[in-house]
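The structure under discussion appears below in the form of structure tokens.
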Amino acid sequence: MRLLTHNMLASNARGAVTGYPLKLQVVKWSTKEAEPNPEFLRGMLPKIDWPALVAATQALGLPELLPEAPPTDAELSAEGAAADEGSALRRLHRALLEIHIEEGALVCPDTDRCFPISRGVPNMLLHEDEVRN
Amino acid sequence: MWYLCVFYHRLLDYRRPEVQSLAELFGGPGAGDAVEWRMPENHHVDSPFHLVRLPGDERLAAQIANRSLLVKGIYELWGQGTTYEELERVVMAYPEERKLPYLTPESTFKIVVDSFGKGRVNLKKPDHKFFVMETDDYGCNNGLPPVAQRTVFFGREVGAADRHLLPTYQLKSRKYIGPTAMDAEMAFLMANQGLARPGKLVYDPFVGTGSILVAAAHFGAMTMGADIDIRVVRDGRGPDCNIWSNFEQYKLPEPLCILRADNNVPPWRPGLKEVFDAIICDPPYGVRAGGRKSGGRKLIKGTVAPYTVPDEKRDSHIPSTAPYSLAECVHDLLHLAARMLVMGGRLVFFFPVVREDGVANPAKYPEHPCFRLLASCEQILSMRYSRVLLTMVKVGPYTGEVEKAAEERRREFRENHHKWMEEGNLHSAVFSPADQAAAAADGKPAIDRDSKPKYRGKYV
Chain A
1 MRLLTHNMLA SNARGAVTGY PLKLQVVKWS TKEAEPNPEF LRGMLPKIDW PALVAATQAL
61 GLPELLPEAP PTDAELSAEG AAADEGSALR RLHRALLEIH IEEGALVCPD TDRCFPISRG
121 VPNMLLHEDE VRN
Chain B
1 MWYLCVFYHR LLDYRRPEVQ SLAELFGGPG AGDAVEWRMP ENHHVDSPFH LVRLPGDERL
61 AAQIANRSLL VKGIYELWGQ GTTYEELERV VMAYPEERKL PYLTPESTFK IVVDSFGKGR
121 VNLKKPDHKF FVMETDDYGC NNGLPPVAQR TVFFGREVGA ADRHLLPTYQ LKSRKYIGPT
181 AMDAEMAFLM ANQGLARPGK LVYDPFVGTG SILVAAAHFG AMTMGADIDI RVVRDGRGPD
241 CNIWSNFEQY KLPEPLCILR ADNNVPPWRP GLKEVFDAII CDPPYGVRAG GRKSGGRKLI
301 KGTVAPYTVP DEKRDSHIPS TAPYSLAECV HDLLHLAARM LVMGGRLVFF FPVVREDGVA
361 NPAKYPEHPC FRLLASCEQI LSMRYSRVLL TMVKVGPYTG EVEKAAEERR REFRENHHKW
421 MEEGNLHSAV FSPADQAAAA ADGKPAIDRD SKPKYRGKYV
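Top line first, the protein sequences correspond to chains A and B.
The first sequence: position 33 = 33 (UniProt numbering), numbered continuously.
The second sequence: position 169 = 169 (UniProt numbering), numbered continuously.
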């Protein structure tokens with residue numbers, strides 16, 4: 001599971017107020033390189049909850065990866081950004097798309113309900129008594 | 001410019017919408033609606049020969065044809081006639097300035113079927129390909145009505161479908177498939193209807209073994225998928241035979257995310273909307289594989305007391321699920337799309353139709369205030385049942401009112417679960433025996449097998 005997915009998910013179990021952001025518990029994670037796509041990243045950035053993404057990188061022990069404020073469109077569009085490993089574009093790409101949580105869990109901030117991540121697949125299915133009426 | 005567009009003689013209902021979607025994909029917003037169609041004189045609408053007017057220049061026509069699955073060729077029509085003599089006269093009269101660029105002594109050409117003109121012939125790698133096509137030889141095997149008038153066309157090929165990708169992606173050589181995996185040709189058609197291309201994000205909420213996303217990824221789109229069945233999405237048939245291996249097999253980038261989730265109880269965070277460029281899927285309608293949703297035994301009121309999972313079993317508990325009615329499944333899908341698609345994004349999905357008097361009734365296709373129906377392509381599967389590929393575009397924003405209306409409808413589905421299961425039970429509508437008793441009273445069989453159209457039309 002990539003951090004992009006973590007940024008999109010919430011607990012929808014009964015008792016959750018917002019169910020978001022889910023706390024990230026990591027047992028095993030890895031990095032897989034992927035080709036950055038600037039158009040995709042520019043389109044996705046406005047949808048990202050930045051503080052939650054920064055918190056997720058911190059939970060992984062990568063406090064230096066992302067700055068406090070999201071990059072601007074100009075930074076993402078800067079010439080040569082895709083080739084420069086230290087650029088804002090490449091850091092965003094790494095945070096959203098190259099980090100994979102293999103094993104771990106997503107924990108609801110309101111109810112502590114634990115959604116396991118196994119073999120990279122988060123299991124968001126509810127038990128029958130957790131579905132809201 | 002008007003072109004001759006010759007289609008493969010299959011999936012007849014899918015052919016024009018594919019060309020229009022690809023016009024939109026390569027020509028930009030509005031280009032799909034700008035496409036115009038005519039039939040050549042004396043041609044049945046199911047004939048492979050269509051005349052199409054495409055916006056833009058010839059490059060656009062070539063892009064459309066080359067990306068398509070169902071376009072055998074798009075041709076600059078140099079002439080047509082009812083005899084070869086007439087054709088020759090018409091072609092001779094076609095403006096020289098349109099012909100000469102392709103008839104220079106330096107360029108090579110090839111004429112398919114017949115020879116024409118002068119110059120060097122190169123049958124393997126010609127610069128230009130010319131086609132002579134006749135409509136006279138319709139036997140009784142192609143399923144079309146008899147030809148009223150022989151027509152001969154002569155044209156220069158502008159572009160043609162590359163169907164070589166079909167053997168590469170055919171299901172029988174794919175490592176991991178399930179019983180309802182989408183066949184490769186249909187999956188590519190769906191990806192074309194969804195305008196899949198690089199930089200765009202495609203989501204399939206009923207991902208199964210990932211066959212639709214494989215097609216979208218082939219066209220360069222980023223993909224995401226979800227399924228309620230953990231065995232399908234996580235385990236597959238082992239470490240080298242699962243969703244991920246299907247993408248590896250074709251050297252495609254793996255999906256951004258595969259998750260286990262129930263589209264009836266979607267796990268998206270509050271406030272998240274407009275993230276997907278297309279949602280493309282084949283919802284479980286309950287004919288081959290029934291849909292399931294969360295809630296399980298709790299919904300069977302009166303038979304079983306509300307079930308509570310004991311605390312010590314929560315980690316290993318496998319939740320029971322309840323059947324998911326077609327109506328509720330489609331409602332949830334349209335609501336998901338209204339919320340999660342960008343404006344102008346596309347929803348492409350199969351919708352089942354029980355045929356009444358041998359036809360599908362478009363009045364029964366689902367509607368939603370946020371969507372405009374662009375195309376409906378029927379594929380007849382049995383005497384009683386068709387599936388229709390619906391292509392919709394998001395034209396209205398996801399407002400508080402839309403959200404509130406969906407919430408009320410959702411409550412209605414939950415409170416009347418049994419009623420909806422009975423009314424929306426497609427499996428029994430399709431498979432129950434025809435009412436023989438009522439028919440016997442009329443003195444004729446319930447289904448008149450001879451009434452099946454003599455040409456194949458939508459059966460192809």
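All C-beta atoms, glycine included, are put in the ideal place defined by N, C-alpha and C.
- The criterion of a C-beta distance shorter than 7 angstroms is not satisfied by B/A160 and B/A191.
- Using beta-carbon distances, B/V265 counts as an interface residue toward chain A, with a partner under 7 angstroms.
- Take the alpha-carbon of B/C5 and the one of B/L373: they are about 24 angstroms apart.
- What A/A59 touches in chain B, judged by beta-carbon distance under 7 angstroms, is nothing: the nearest beta carbon there is about 17 angstroms away.
- If you draw a 10 Å sphere on the C-beta of B/Q170, you find fewer than 16 other C-beta atoms in it, and that means exposed.
- In the three-state reduction of the DSSP assignment, A/C114 falls in the strand class.
- One finds H127, E128, D129, E130 in chain A with Cβ atoms closer than 9 angstroms to the Cβ of B/V309, taken in chain order.
- Contact between B/S245 and B/Y176 holds, since their C-beta atoms are separated by about 6 angstroms, short of 8 angstroms.
- Taking each of B/D277, B/P362, B/N242, B/G28 in turn and checking the Cα distance to B/R339, the smallest one comes out for B/D277.
- Close partners of A/P70 in chain B (Cβ separation under 8 angstroms) are lacking, with about 16 angstroms as the shortest Cβ gap.
- Burial state of B/H335 is buried, judged by a 10 Å Cβ sphere holding 16 or more other Cβ atoms.
- At least one beta carbon of chain A lies nearer than 7 angstroms to the beta carbon of B/A261.
- Of the residues A/A74, A/L66, A/G80, A/A82, the one whose Cα lies closest to the Cα of A/P51 is A/L66.
- Restricting attention to A/A55, A/K23, A/R91, A/V27, the CA atom closest to the CA of A/N37 is found in A/R91.
- B/D183 sits away from B/V207, with the two beta carbons spaced by 7 angstroms or more.
- In the three-state reduction of the DSSP assignment, A/L66 falls in the coil class, being assigned neither a helical nor a strand state.
- At a cut-off of 7 angstroms between beta-carbon atoms, B/C257 makes contact with chain A.
- DSSP lists A/I99 as the beta-bridge partner residues of A/T31.
- Among the residues of chain A, those whose CB is under 7 angstroms from the CB of B/R269 are M8, L9, A10, Y20, following chain order.
- No residue range can be given for B/W268, since it is assigned to no beta strand (DSSP E) and is classified by DSSP as neither H nor E.
- Here A/A69 is exposed. Its C-beta has fewer than 16 other C-beta atoms within 10 Å.
- Think of a sphere of 8 angstroms around the beta carbon of B/P319: the chain A residues whose beta carbon falls inside it are L125, L126, H127, E128, in chain order.
- The beta-carbon of B/R234 is placed less than 7 angstroms from the nearest beta-carbon of chain A.
- Look at B/G56 here: in three-state DSSP terms it is coil, with no helix or strand label.
- Going by beta carbons, B/S68 and B/L22 fall inside the 7 angstroms limit.
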